[in-house]
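Written out below as structure tokens is the structure these notes cover.
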Amino acid sequence: MDRAPVDAAHGRLTEGVDELRGAAGPAASDDELVAVLVAAEEVRRSLDRVVVDAVADLQRRGVFAERGYRSPAGALGDLLGWERFEARRRVVAAESVRTRIGLDGTELPARVPATAEAFAVGRAGLRHVEVIAKVLDSGAARRLSPEVWAGAELELASKTGVYTPSELLAWGTQLVEVLDQDGAEPNDDPPPQVNELRLRRFRTKPGGSLTCRFDDAAMFDAIAAAVDAGAAPRDADDERTTPERRAEALAEVCGLVLERGRLSETGGRRPLLNVVIRLDDLENRCRTAVLDFGGRLNAGSLRMLACDASVLPVVLDGEGVPLDVGRIARTVPDGLRRAVAIRDRGCAFPGCDRPPSWCEVHHVEEWQHGGATALGNLVMLCKVHHRLIHCSGWEVRLAGGLPEFVPPYWLDPSRSPRRRPPPLLQPTG
Numbered sequence: 245m246d247r248a249p250v251d252a253a254h255g256r257l258t259e260g261v262d263e264l265r266g267a268a269g270p271a272a273s274d275d276e277l278v279a280v281l282v283a284a285e286e287v288r289r290s291l292d293r294v295v296v297d298a299v300a301d302l303q304r305r306g307v308f309a310e311r312g313y314r315s316p317a318g319a320l321g322d323l324l325g326w327e328r329f330e331a332r333r334r335v336v337a338a339e340s341v342r343t344r345i346g347l348d349g350t351e352l353p354a355r356v357p358a359t360a361e362a363f364a365v366g367r368a369g370l371r372h373v374e375v376i377a378k379v380l381d382s383g384a385a386r387r388l389s390p391e392v393w394a395g396a397e398l399e400l401a402s403k404t405g406v407y408t409p410s411e412l413l414a415w416g417t418q419l420v421e422v423l424d425q426d427g428a429e430p431n432d433d434p435p436p437q438v439n440e441l442r443l444r445r446f447r448t449k450p451g452g453s454l455t456c457r458f459d460d461a462a463m464f465d466a467i468a469a470a471v472d473a474g475a476a477p478r479d480a481d482d483e484r485t486t487p488e489r490r491a492e493a494l495a496e497v498c499g500l501v502l503e504r505g506r507l508s509e510t511g512g513r514r515p516l517l518n519v520v521i522r523l524d525d526l527e528n529r530c531r532t533a534v535l536d537f538g539g540r541l542n543a544g545s546l547r548m549l550a551c552d553a554s555v556l557p558v559v560l561d562g563e564g565v566p567l568d569v570g571r572i573a574r575t576v577p578d579g580l581r582r583a584v585a586i587r588d589r590g591c592a593f594p595g596c597d598r599p600p601s602w603c604e605v606h607h608v609e610e611w612q613h614g615g616a617t618a619l620g621n622l623v624m625l626c627k628v629h630h631r632l633i634h635c636s637g638w639e640v641r642l643a644g645g646l647p648e649f650v651p652p653y654w655l656d657p658s659r660s661p662r663r664r665p666p667p668l669l670q671p672t673g
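Just so we're aligned, residue 245 is where the sequence shown starts under my numbering, counting upward by one.
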């Protein structure tokens, strides 16, 4: 086996990495360190492409099977010390973005050609490819016609340079559900559900454990809303983990119910469920709706919840802009705060998943400078990103009724606006 070409390339690559490490030394300026990070990420994505190409060629030749492995991921894990999910990610990419060979020996295009192009130029990373493959292999995506499926893949690939993999997964899932207009066979009868809570006392020490499962989205959302009401960090010095805060919040909720028969408040009001319904769905006797914490309701459960005064139905138009008020006060009224929460779905900063109850409402144009307390001048931000907007070069503005964020020059010389994936309230394109 002649390893000379590989050894020579490896030597040059090592030299380049050493030079890059030297450029990031103590004497480097801030801008030089940032440039090193950008260059290192470009190199990492280039190496990922080399790995994916090699994996694809090894699979095509049947090397892993010849050497006794039923799974390429298992072979890669043993060869390179990868966790199974890391190996699987490369295998999925190899199966998705490389050209294929048909049964008659002809070369076929990649399964996701637009994503393959984005991956080839470094705009899409491995996780982006994995997410797109997962979304397009879902039940809803498989029901799409080939033309619509290809259009969805093109849309997903176009977002790889804008959305993080997690954002792309959420947005892509909504996209294929919207495009799958027929959906599965309508059925008003709820599927069999498992809703159970197991309490076990510790025998040798105080306390116990709870294990629960709720297939009923309404039941789960009610519990999640009550726990979330008390689970926010008390202040910047609160060192409790999220599970610790949730555990204490659940105990506090139960204690309040036992003591006074009522729940604590969230931001000045009792916990309340929002049931978000598309206008088109409402007009067409909706089959589904979405709750604050992401649970989906079938038609039967939705009709039952509609009788409950503690549930607030929220109907959104195609743009998702629910209401506006004038310049009444600096403090945001509860109704307007709820409108901002429905529009922004929590912290509006790209990549942040903080829920509305953990967020504050920020005036885009400051109140003291004449900014109105109106939907068109408000954006929801968690404490971290609220501070970031006030103390860094980031700027926030509203475009088309939705918030977008302009990074400082040092992060992006083009200062291209960024925004969270919008809710897909109607088919795109």
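Built from N, CA and C at the ideal position, the CB exists for glycine as well. Just so you know, these numbers come straight off a predicted model, no measurement behind them.
Residue i to residue j span [Cα, whole Å]
i: ARG256; j: ASP262; result: 10 Å
i: GLN418; j: ALA396; result: 11 Å
i: GLU411; j: ARG664; result: 7 Å
i: ARG314; j: TRP654; result: 48 Å
i: ILE675; j: THR404; result: Lying outside 245 to 673, the shown extent of the chain, residue 675 is not represented and no answer is given.
i: ALA592; j: ARG581; result: 14 Å
i: ALA394; j: VAL365; result: 20 Å
i: THR408; j: LEU400; result: 12 Å
i: GLN652; j: LEU632; result: Here the sequence assigns Pro to residue 652, which means Gln is not the residue at that position. If I take the Cα positions, the gap works out to 11 Å.
i: ILE586; j: TRP415; result: 16 Å
i: ARG447; j: CYS456; result: 20 Å
i: PRO487; j: PRO599; result: 15 Å
i: CYS498; j: GLY474; result: 12 Å
i: VAL438; j: ASP465; result: 15 Å
i: LEU642; j: GLU421; result: 27 Å
i: VAL336; j: LEU454; result: 37 Å
i: ALA377; j: VAL250; result: 31 Å
i: VAL299; j: ASP348; result: 22 Å
i: ALA338; j: VAL296; result: 5 Å
i: ARG659; j: LEU413; result: 25 Å
i: ALA550; j: HIS613; result: Residue placement at ALA550 cannot be trusted, given a pLDDT of 46 that sits under 50; what the coordinates show is reported in the next sentence. Answer to the nearest angstrom: the Cα atoms are 42 Å apart.
i: ALA360; j: ASP479; result: 45 Å
i: GLY615; j: PRO647; result: 16 Å
i: ALA317; j: VAL406; result: 29 Å
i: GLY595; j: LEU441; result: 33 Å
i: ALA284; j: GLU276; result: 12 Å
i: GLY321; j: ALA253; result: 24 Å
i: PRO436; j: ARG489; result: 32 Å
i: VAL282; j: GLU259; result: 18 Å
i: PHE308; j: GLY325; result: 16 Å
i: THR350; j: ARG304; result: 13 Å
i: GLY644; j: PRO666; result: 11 Å
Anticipated Cβ contact below 8 Å, residue i with residue j, distance rounded
i: HIS607; j: LEU622; result: 6 Å
i: ALA358; j: LEU398; result: 5 Å
i: LYS627; j: GLU604; result: 7 Å
i: VAL373; j: SER340; result: 6 Å
i: ALA583; j: LEU625; result: That belief does not hold up - the Cβ atoms of ALA583 and LEU625 are roughly 16 Å apart, past 8 Å.
i: PRO661; j: PHE649; result: 7 Å
i: ALA476; j: SER601; result: 7 Å
i: VAL392; j: LEU443; result: That belief does not hold up - the Cβ atoms of VAL392 and LEU443 are roughly 48 Å apart, past 8 Å.
Cross-strand partners of residue i (DSSP beta bridge)
i: ARG328; result: Paired residues: none, contrary to the question.
i: PHE649; result: VAL640, ARG662
i: VAL606; result: The residue asked about is misnamed: residue 606 is His in this sequence, not Val. Answer is VAL623, bridged to HIS606.
i: ILE345; result: GLU351
Quiz item: Where are the alpha helix (DSSP H) runs, 4 residues long or more, that stay fully inside the region 437-490, in chain order?
Solution: 461-473
Exercise. List in chain order: all unbroken beta strand (DSSP E) runs of 3+ residues lying wholly within the region 351-425.
Key: none
Exercise. Answer yes if the region 263-281 comes into contact with the region 349-358, meaning at least three C-beta pairs across the two stretches below 8 Å, and no otherwise.
Key: no
Exercise. Report yes or no: do three or more beta-carbon pairs, one from the region 285-296 and one from the region 365-379, lie closer than 8 Å?
Key: yes
Exercise. Could you say if the region 489-504 and the region 457-475 meet the contact criterion of at least three C-beta pairs nearer than 8 Å?
Key: yes
Quiz item: Does the region 298-313 come within contact of the region 377-393, defined as at least 3 CB pairs closer than 8 Å?
Solution: no
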